[in-house]
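Structure record follows, encoded as structure tokens.
Protein chains in written order, with the numbering used here: chain A, 1 to 349; chain B, 1001 to 1596.
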């Protein structure tokens, strides 16, 4: 089994109106320093080598170059090291720092200026993206179903990404979460983005991308190892406020509060928001739901029998029985129509 | 005779929250039955549901010995659905406390119950409660009570049940004002059954007031209306628990167990007499309890049908007013057509089926009974709108009416009149019972009451109106049938009757309400509503195009799983029809004025 580490940097330059992740914009310098010190000391306790490392946020580079230089030496070695970037982070002066990573995940969202205005985000120039593609394995996040966004705009984004040769693309429909500024504007919006999502799938698969997970497309050899740890329900550590880990059958989540996180870590009394020891049945249920997200791999019989037992496979077959949204084959269970993933996953809840 | 002269049988008439239960608790303390610190809140309400809802459903007598007097406090059900039982409980008494909250004044239910007590010629002891509160209006309350009782002046006992003020004075007044029971213990047995319940060990227990004669273990008794004869296995009185005694005699209130298995053989209001030496006449006033509201119950899964039948039977052991018979819906298959005393009764039955028997149910929207005379001279009682005969064959239709009593602050008169007239009401009487409060009486079709009348009344009066009603009989009606088609197939369980003049409006509202309550499905849902023989309204629910959690990474696993769990649980309480999931809310929504 692979093992990973997720490091959450809870800072950003400016909160996006649709974002419901834990992040702080314009945090006082003092707190950035405290956070950095705590992460450095926590990293001392970690294995020196793992399979994957993923630094997400917030916007990781919002922490500042000098603080990153303090953290970098203590980051575990890993085959795949990913860091998330905002368009404004993509500039030559950041390259030395980024060279510590093998994979960059860039929050492009769209190349259309009117769409970016709605999202209140900056545009990434094609040229800058090209600079990255030569040196790193790159993912681009893109969004569809944004109010005002046309089908043509979505298609143009895809053509650009394919033409530039971006090897990994994540496509998310806009979700409007309670508590975000978007909620007060768009909570009544009648979303019908199913056609857009199907168009995206058709276009990308026709251009050599595998639709390997509900929202993820990759050229052969470019799937994200770290995210596949999640979907294979393998083990990963977590660091940083609101980050979640899963080790030894325990699912934990750090407190979503920078102050409490820092104080707890300093006192040696970690503050968890969630700490659950999963039963065998719960582990199997989550294993099934997560693996089902992998559209072609699905829930594989050999893996279930290896990780759980022969009877576990039979139990899953029984739960899957009668669910019209599942494909049940001799050696795997997959989702029939990914747009109805929830209906399929219900079988294992 | 000396014994009987020390008995006082009485009830407490009060509106909800006017302090009846608290006053009863003070009596319990005075009698030494419970200590104040041991008092469970509202001791006399024994069902969990009763405590939760703060209402009394079953009548519970309790025997209180205070000084050398015996007081039988006969608690009465606090809801209009059970007004027949109220009337029978009052018939078991010589007197009643008319309890009014000094901060609230006289309410509709107080008026309705006080009238009933006067009909029974009970001695009424007026009591004003909560006199310790700063907002108490003792003088105004007193004037309103005097007016209600048709007197120029009254001498109320002023109490604070919560603080224990005035309780001893009240006891003295009960002794003074309420006559001791009359009767002859040597005459043939004549006892009024004013309640009954099922006990696993004793069988059906009749709660009785003995008017003449006596009863003891081994006696053979007979029930007048049902004709059932049986041998008495236990008699006793109610302290907080049942306490067996040697016998009960004229003037007493207590219980009789006689190894009876079916509660329907001991109808409330019946007369119990001796099988050997029968009384010459029954106690007057008996009528069998009639269900007034009808609805169908279907299990969400067909295989639960037998379990539903067994559960209804078990409920019926203790609830003689509940009636049910199997019926088959074209849409939903086997279920039961059930009759209830009113909406609260219906609600209680549904909740008990779900809670105590863990059943997942669909309850159709309730309707009243219609009397139909066909052109061929056949008379039919229609309890299910889908079985209403073809209108071309109908000569005459009648629907039930009630006399509704509403008490409301005078600034809301306009809205209340508007509401009642909109519901086909005719004003019978209007009277100021104080400077700020008005009593209105309306003749109303019962069908209008069982939709959302009470909700609307509360809403147009900001919760200040109180409402009570009594059934007055059947009157001619001009109704039309409304039928619902889902994707072209008739959903018979959703058939309604509405007044002809309103039928178009109601049909359109039904279509809209269904559109808002039926969730998106995999297929498009076309809702068509037919009235007067043609489709008059059409709405569609667009199909669900996707149901997918787009983002699910390490941080989301448990949160997303909870979401899936919730989604799955929501599928319960839905019933499939023609490939469409129909939720319970759809049935409850159809008669609402507006679901938005």
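Cβ atoms here follow ideal geometry from the backbone N, Cα and C, with glycine treated the same way.
- Here the alpha carbons of residue 126 of chain A and residue 164 of chain A stand approximately 8 Å from one another.
- Looking from the CA of residue 1456 of chain B, the closest CA among B/1279, B/1280, B/1523 and B/1592 belongs to B/1592.
- Proximity of residue 203 of chain A to chain B, defined by a Cβ-Cβ separation below 8 Å, is not satisfied.
- Along the length of the segment 242-292 of chain A, whole beta strand (DSSP E) runs at least 3 residues long occupy 244-247, 250-254 and 272-277, reported in chain order.
- Taken through DSSP and simplified to helix, strand or coil, residue 1283 of chain B comes out as coil.
- Here residue 159 of chain A carries a helix assignment [DSSP, helix/strand/coil].
- Within the same chain, Cβ atoms closer than 6 Å to the Cβ of residue 340 of chain A are found at 325, the five residues on either side in sequence being excluded.
- Under the Cβ distance rule, residue 214 of chain A counts among the residues neighbouring chain B, one pair being separated by less than 8 Å.
- In the structure shown, residue 1523 of chain B adopts coil according to DSSP, grouped into three states.
- The beta carbon of residue 55 of chain A sits no closer than 8 Å to any beta carbon of chain B.
- Along the segment 1554-1570 of chain B, the positions whose C-beta sits under 7 Å from a C-beta of chain A are 1554, 1555, 1557, 1558, 1561, 1564, 1565, 1567 and 1568, read in chain order.
- It is roughly 16 Å from the alpha-carbon of residue 161 of chain A to the alpha-carbon of residue 113 of chain A.
- For chain B, the residues of the segment 325-346 of chain A that bring a beta carbon within less than 8 Å of one of its beta carbons are 338, 339, 340, 341, 342, 343, 345 and 346, in chain order.
- Along the length of the segment 1376-1402 of chain B, whole alpha helix (DSSP H) runs at least 4 residues long do not occur.
- Looking from the CA of residue 1571 of chain B, the closest CA among B/1528, B/1150 and B/1362 belongs to B/1362.
- DSSP places residue 1014 of chain B inside the beta strand (DSSP E), whose first and last residues are 1007-1014.
- Comparing alpha carbon positions, the residue from A/63, A/315, A/152 and A/102 closest to residue 134 of chain A is A/102.
- Listed along chain B is no residue with a C-beta nearer than 9 Å to that of residue 304 of chain A; the closest approach is about 18 Å.
- Looking from the CA of residue 46 of chain A, the closest CA among A/30, A/152, A/323 and A/3 belongs to A/3.
- Taking 8 Å as the threshold, the shortest C-beta distance from residue 1319 of chain B to chain A does not fall below it.
- What residue 1551 of chain B touches in chain A, judged by beta-carbon distance under 8 Å, is 172, 175 and 215, going in chain order.
- The beta carbon of residue 1097 of chain B sits closer than 6 Å to the beta carbons of 1012, 1125 and 1127 from its chain, once the five residues preceding and following it are set aside; these are given in chain order.
- Per DSSP, residue 348 of chain A lies in no beta strand (DSSP E) and is assigned neither H nor E.
- Against chain A, the CB of residue 1360 of chain B has no partner CB under 8 Å away; the residue lies outside that interface.
- With 16 or more other Cβ atoms inside 10 Å of its own Cβ, residue 231 of chain A counts as buried.
- Taking a C-beta distance under 8 Å as the contact criterion, residue 60 of chain A and residue 29 of chain A do not qualify as a contact pair.
- For residue 96 of chain A, the enclosing alpha helix (DSSP H) stretches over residues 95-98.
- The segment 1294-1308 of chain B and the segment 1353-1367 of chain B touch, with no fewer than 3 CB-CB distances between them shorter than 8 Å.
- One alpha carbon belongs to residue 1509 of chain B, the other to residue 1331 of chain B, and they sit about 22 Å apart.
- Put simply, the backbone Cα of residue 1346 of chain B is about 6 Å away from that of residue 1340 of chain B.
- Taking C-beta atoms as the reference points, residue 1145 of chain B and residue 1193 of chain B fail to come closer than 8 Å.
- Under the three-state reduction of DSSP, residue 19 of chain A is assigned to coil, being neither helix nor strand.
- Residues of chain B whose Cβ lies closer than 7 Å to the Cβ of residue 349 of chain A are, in chain order, 1561, 1564, 1565 and 1568.
- The Cβ atoms of residue 1270 of chain B and residue 1197 of chain B do not sit closer than 8 Å to each other.
- Contact fails between the segment 1390-1397 of chain B and the segment 1423-1437 of chain B, because fewer than three Cβ pairs, one in each stretch, are under 8 Å apart.
- Collapsing the DSSP output to three states places residue 1190 of chain B in a strand.
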